[in-house]
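Protein chains in written order, with our numbering: chain G, 8 to 271; chain A, 3 to 621.
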């Protein structure tokens with residue numbers, strides 16, 4: 008089996024484990040390249056359908072291209088789409104730097120959705136190679152009742168056996184593509200013919216490597232106008248993928264604080 | 003609409019990602035033995051650092067009047083990640099000309115053992131680091147032991163900080179012997195033991211003059227020797243069922259193939275129920291014009307069957323010929339991570355593949371701290387210790403012994419919803435009084451109406467096992483055939499059992515793990531013992547590289563067993579016997595004189611009569 012097929016087989020296994028062991032599930036659909044690959048993998052795991060809702064926690068500030076993408080593919084892929092609007096910015100910890108505060112709004116939106124639908128498991132498309140605190144993640148990662156993450160007290164996880172018993176009122180984050188890299192995502196998107204938002208491709212020498220809210224996400228310099236060119240560029244770059252995400256850079260611990268309180 | 007649908011193409015993108023083998027490695031060892039320094043040095047030597055990074059750090063160190071340390075590099079990469087550096091300390095990627103590597107985080111502190119296990123269990127290979135000045139420490143031994151239990155089979159040892167011991171070859175060899183013996187006893191033969199100074203670079207990518215006495219590979223060369231762990235397609239089919247889906251009119255059995263292959267038309271057996279059916283189809287999405295006809299280990303599949311037999315999550319799909327056993331009691335060698343010790347009577351959930359059942363610890367045969375040299379045995383398995391335990395299950399589960407299938411022969415222990423331990427299945431349904439779990443021909447000695455004396459009168463000699471052990475290429479097989487010819491010429495009845503030949507048939511189901519090798523030798527010893535008890539002379543030619551395996555064979559063979567070491571010089575992959583019945587020098591003597599020495603041994607033991615060929619046999 009080649010590398011992409013092995014990654015795919017592992018992700019499908021994780022989806023099926025999550026589906027077998029938890030009752031109230033949803034897939035967090037951010038409309039970005041990673042969560043689109045996730046949906047594709049889930050449809051492979053369940054033979055063409057997504058047997059749980061796709062949840063879009065909506066800040067209302069995404070790029071117009073992203074909303075167009077959501078509406079088209081929610082229908083085309085026959086998704087049970089749930090949209091959870093985020094609360095106003097005043098709800099959010101005012102001591103956070105501006106962009107992180109904006110991102111934390113999404114966490115508040117997620118908490119609202121958790122309270123409304125009582126999910127016990129959420130599939131999330133984070134990857135170990137994105138960011139150091141994500142590298143410490145488990146595939147099945149328990150969250151406290153408040154949605155918090157205790158990085159120091161994670162149970163062991165090995166031989167494809169996962170901890171899937173969240174305490175009453177808490178939930179699990181399940182990470183089916185934790186072991187993928189950015190280059191893997193692109194290579195797989197290319198191989199499978201998965202649709203993408205064109206903002207990822209270079210226009211006038213710049214492209215988005217990562218898509219968040221329009222006001223806190225910035226393009227990076229790039230000449231890559233096709234997925235193949237993105238892959239070649241990634242092969243030689245030493246610039247971080249989330250370099251265009253403002254909240255990652257505001258202060259040393261901003262991202263970790265976001266994650267501990269329930270951010271993805 | 004402003005949306006891009008990419009065209010499907012397997013050509014460029016997939017070949018780029020799939021071209022180079024990806025090897026996941028973990029660096030383990032005692033805390034402060036130089037892990038971060040080695041990682042920093044490896045990144046530098048393989049050209050994986052951002053341009054100018056090293057120079058900048060050196061300048062900062064000089065400005066602060068501190069000597070530059072390679073471990074600064076990791077700290078700097080961690081704290082300066084905002085400045086656009088893709089490396090981080092938990093999943094570091096680098097490449098050599100031959101391979102892509104992912105370095106997996108595995109903390110050296112004892113209190114983070116569950117993180118070390120989580121990391122190491124994903125690894126294809128490991129580097130075990132030892133400080134040349136401090137030598138082998140408890141955490142070194144513990145990590146070695148856990149690598150073995152976790153199934154990491156490729157391990158290279160680096161003896162670091164050689165500069166601190168003046169690059170002393172003798173010091174290196176002492177540590178090499180100590181750690182190699184420890185690992186080989188666990189059934190884990192290191193691929194290399196390398197003297198290095200991670201700080202100065204000796205032995206990492208270059209063989210410097212300081213270690214001119216060392217002829218083995220550098221660290222980078224050792225890394226290039228590692229390969230991605232293979233999917234076990236050659237073993238018997240095991241497909242643990244994850245779920246049965248009825249989304250439409252199809253009834254799809256979904257799961258990931260642990261070992262072996264499955265094909266449309268195959269007759270399958272579902273364990274533990276034992277029900278049979280045939281594979282009707284292998285389903286896939288998106289639907290293919292030419293649907294797959296077969297699938298192999300590692301693939302996540304969905305199959306349909308030709309009959310509606312009952313089957314559920316936790317069942318194992320296998321083939322009729324080599325099905326797993328349904329066992330309700332098993333013996334396992336486990337590690338334990340929970341603060342509360344594992345005791346007789348502890349109740350927990352036992353997970354095997356996708357199956358689970360309540361289990362109770364019925365007996366603890368052994369419990370030790372794998373970090374300690376002298377083991378104090380206890381009646382409970384403490385946190386971070388290992389033990390051999392018997393577990394009684396509330397219902398039978400389909401399971402294999404680890405020696406038969408290294409993927410499905412392992413268990414995970416779940417205490418109150420938290421994974422708290424895991425280990426290898428040694429045997430199924432062990433009888434409470436039977437320590438080894440396996441009954442040998444000796445204790446169950448076959449009754450026969452033909453007495454040993456009658457047999458000796460017929461064959462002209464007593465029954466015996468000549469066990470030829472020695473490193474690969476020492477000439478055991480040739481020697482075996484020479485003895486066979488000589489005994490035959492004297493009118494005797496010799497039988498040669500050559501491990502290579504047995505591998506093709508009798509032992510074809512075993513993999514090349516240490517556990518597989520041990521099982522192969524156990525079977526060989528059983529057969530040889532049957533032959534010897536029937537009055538024949540069994541001549542076994544088998545590397546049998548570990549003392550433990552040979553000791554097990556000797557126990558089975560009892561008084562008929564004669565260990566002959568065919569010595570071809572030191573070999574890292576071979577642990578020489580300390581007191582064989584006979585040691586032959588493979589390089590200095592010819593076959594005839596070596597065979598003659600074996601005849602003398604047999605004569606002095608009363609198996610054959612003394613004297614030269616053509617003489618009378620004694621009884």
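Glycine included, every Cβ here is placed at the ideal spot set by N, Cα and C.
- Residue pairing by DSSP places residue 147 of chain G opposite G/181 in a beta bridge.
- Residue 208 of chain A sits exposed, since fewer than 16 C-beta atoms from the chains shown fall within 10 Å of its C-beta.
- Within the stretch 299-325 of chain A, contact with chain G at the beta-carbon level (separation under 7 Å) is assigned to 300, 301, 302, 304 and 315.
- In this structure, residue 214 of chain G lies near residue 227 of chain G, with their beta-carbon atoms less than 8 Å apart.
- Beyond the five residues adjoining it in sequence on each side, residue 170 of chain G comes within less than 6 Å, by CB distance, of 147 and 162 in the same chain, given in chain order.
- Excluding sequence positions up to five before and after residue 125 of chain G, its CB lies within less than 7 Å of the CB of 31, all in the same chain and listed in chain order.
- Nearest CB-CB separation between residue 50 of chain G and chain A: below the 8 Å threshold.
- Against chain G, a Cβ distance below 9 Å from residue 258 of chain A picks out 16, 17, 19, 20, 23 and 167.
- By alpha-carbon distance to residue 351 of chain A, the top candidate from A/532, A/396, A/336 and A/59 is A/396.
- When secondary structure is reduced to three states using DSSP, residue 541 of chain A falls in the strand class.
- Cα atoms of residue 608 of chain A and residue 157 of chain A: separation of roughly 45 Å, rounded to the nearest angstrom.
- Beta-bridge annotation (DSSP): residue 174 of chain A is not paired with any residue.
- For residue 217 of chain A, the closest alpha carbon among the candidates A/331, A/73 and A/171 is that of A/171.
- Between the stretch 120-140 of chain A and the stretch 352-368 of chain A there are fewer than three inter-stretch CB-CB distances shorter than 8 Å, so the stretches are not counted as touching.
- Comparing alpha-carbon positions, the option among G/201, G/118 and G/234 lying closest to residue 35 of chain G turns out to be G/118.
- Here DSSP, grouped into helix, strand and coil, assigns residue 605 of chain A to helix.
- Out of A/415, A/304, A/420 and A/367, the CA that lies nearest to the CA of residue 392 of chain A is found in A/367.
- Contacts between residue 210 of chain G and chain A, judged by CB atoms closer than 9 Å, are missing: the closest CB pair is about 11 Å apart.
- Between residue 83 of chain G and residue 205 of chain G, the C-beta gap is not smaller than 8 Å, which leaves the two residues out of contact.
- Cβ-Cβ separation between residue 138 of chain A and residue 26 of chain A: approximately 25 Å, too far for a contact (criterion under 8 Å).
- Rounded to the nearest whole angstrom, the CA to CA distance from residue 218 of chain G to residue 252 of chain A is 39 Å.
- Rounded to whole angstroms, the Cβ separation of residue 43 of chain A and residue 200 of chain A is 5 Å, and the two are in contact under 8 Å.
- Among the CB atoms of chain G, one or more fall inside 8 Å of the CB of residue 287 of chain A.
- In the displayed model, residue 72 of chain A falls within a helix according to three-state DSSP.
- Pairing residue 166 of chain G with residue 494 of chain A gives a Cβ-Cβ distance that is not under 8 Å.
- Non-local beta-carbon contacts of residue 188 of chain G in its own chain, meaning distances under 6 Å to residues more than five positions away in sequence, involve 136 in chain order.
- For residue 27 of chain G, a Cβ of chain A is located within less than 8 Å of the residue's own Cβ.
- When DSSP states are grouped into helix, strand and coil, residue 170 of chain G belongs to the coil group.
- The Cβ of residue 48 of chain A sits no closer than 8 Å to any Cβ of chain G.
- Secondary structure at residue 41 of chain A: helix, using DSSP grouped into helix, strand and coil.
- The C-beta of residue 203 of chain G has 16 or more other C-beta atoms within 10 Å across all chains shown, which makes the residue buried.
- In chain order, 93, 94, 98 and 99 place their CB closer than 7 Å to the CB of residue 115 of chain G, counting only its own chain and leaving out the 5 sequence neighbours on each side.
- Distance from the Cα of residue 109 of chain G is smallest, within the candidate group G/224, G/233 and G/237, for G/224.
- From the listed residues A/164, A/516 and A/219, the smallest Cα separation to residue 194 of chain A is found for A/219.
- In the structure shown, residue 610 of chain A adopts coil according to DSSP, grouped into three states.
- The beta carbon of residue 161 of chain A sits closer than 6 Å to the beta carbons of 132, 134, 174, 177 and 197 from its chain, once the five residues preceding and following it are set aside; these are given in chain order.
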